[in-house]
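Read in the numbering used here, the sequence shown has 166 at position 166, and its numbers run on one by one without any break. Structure first, commentary second.
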Amino acid sequence: MKKNIFKQSYFLGMSMGICISILIVIIFFSFDKTASKERAKLINENADLKSQLIEKDTKIEELNISINDLKMKNTEKKEKSETDKTDAEKIVLDIRQDMSNSQIADLLVENEIYTHKNDILLIMEILNFDRYRYSEVLEKYGYISGSYELNQALKQIENSQYGVTDALYSSGLVKDKNSFMKLLYLFDINNRIKYGQKQFNKNSSLREVCDILIS
């Protein structure tokens, strides 16, 4: 009797052990399969994420290229617009020798080169100053004793403009050295109106008008 009970217990234990082993194997493979699926899913997600990042980088690069192209086009457009505007503001006038100072001044004012006619008339008189001819006329009418001395004095002033300006400024006779230097520059015998077609900018300064007239 006891022997039968022992045998039954032995077989029961063996059966239970086999069942537990099978259960463990099933559970192990089940977890391993689930883990494999999770790993595969994670790999696919990483691949998708990497693909999305590459796509975003590509789009960002394309956007940067588009922005740079747009900036270049805007810059070119702006430069072209400024060039066109500058060209549009340039006016060619025919300054003829048979024209009076008043006619030349009217021509400059009407074309919006410079707005103050009296300033232009003053500049024209200065530019037309000829110390040789003026001295001869003054000597002829008895206002000076000899034209040679006046010519020499004016010539020395022209040749020593900086020194003359400094001397007069330090003596308090000249208040603005730059302005006085411009005056001596205009009185220089070498600076004369040269007639012909001249290209002016609209709204020029008086000095710009002078430089173009003598060039």
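All C-beta atoms in this analysis are idealised placements derived from N, C-alpha and C, irrespective of residue type, glycine included.
Please classify residue i: is it buried, with 16 or more other beta-carbons within 10 angstroms of its beta-carbon, or exposed?
i: valine 209; result: buried
i: threonine 165; result: buried
i: alanine 105; result: buried
i: leucine 63; result: exposed
In three-state terms, what does DSSP make of residue i?
i: glycine 196; result: strand
i: glutamate 60; result: Here the sequence assigns isoleucine to residue 60, which means glutamate is not the residue at that position. Three-state result, isoleucine 60: helix.
i: leucine 93; result: strand
i: lysine 85; result: Bear in mind that the predicted position of lysine 85 carries a pLDDT of just 48, short of 50, making it unreliable; the figure below should be weighed with that in mind. Helix at lysine 85.
i: asparagine 101; result: helix
i: asparagine 128; result: coil
i: asparagine 191; result: coil
i: asparagine 201; result: strand
i: asparagine 111; result: coil
i: leucine 122; result: helix
i: aspartate 211; result: helix
i: valine 174; result: coil
i: histidine 116; result: coil
i: tyrosine 169; result: helix
i: serine 147; result: helix
i: tyrosine 141; result: coil
i: serine 160; result: coil
How long is the line joining the alpha carbons of residue i and residue j, rounded to whole angstroms?
i: serine 205; j: serine 147; result: 35 Å
i: serine 215; j: asparagine 201; result: 15 Å
i: leucine 184; j: leucine 70; result: 52 Å
i: lysine 198; j: leucine 127; result: 16 Å
i: serine 135; j: threonine 75; result: 58 Å
i: methionine 72; j: lysine 182; result: 43 Å
i: asparagine 191; j: valine 92; result: 21 Å
i: lysine 194; j: aspartate 211; result: 10 Å
i: isoleucine 113; j: isoleucine 123; result: 14 Å
i: lysine 85; j: asparagine 203; result: Residue placement at lysine 85 is poorly supported in this model, since its pLDDT is 48, which falls under 50; the coordinates still yield a value, given next. Roughly 13 Å between the two C-alpha positions.
i: phenylalanine 187; j: tyrosine 143; result: 21 Å
i: lysine 59; j: leucine 107; result: 60 Å
i: methionine 99; j: glutamine 161; result: 31 Å
i: asparagine 159; j: isoleucine 67; result: 59 Å
Who are the Cβ neighbours of residue i in its own chain at under 7 Å, not counting the five residues just before and after it?
i: threonine 115; result: Val109
i: valine 174; result: Thr165, Leu168 and Phe180
i: glycine 196; result: Ile95
i: asparagine 111; result: Ile91 and Leu93
i: glutamate 89; result: Asn201 and Lys202
i: phenylalanine 129; result: Phe187
What residues in its chain sit with their C-beta under 8 Å from that of residue i, if we drop five residues either side in the sequence?
i: asparagine 151; result: Arg131, Tyr132 and Ser135
i: leucine 121; result: Asn101, Ser102 and Ala105
i: aspartate 119; result: Leu206
Spatial neighbours of residue i within its chain, please: C-beta separation below 6 Å, excluding the five flanking residues on both sides.
i: isoleucine 157; result: Val164
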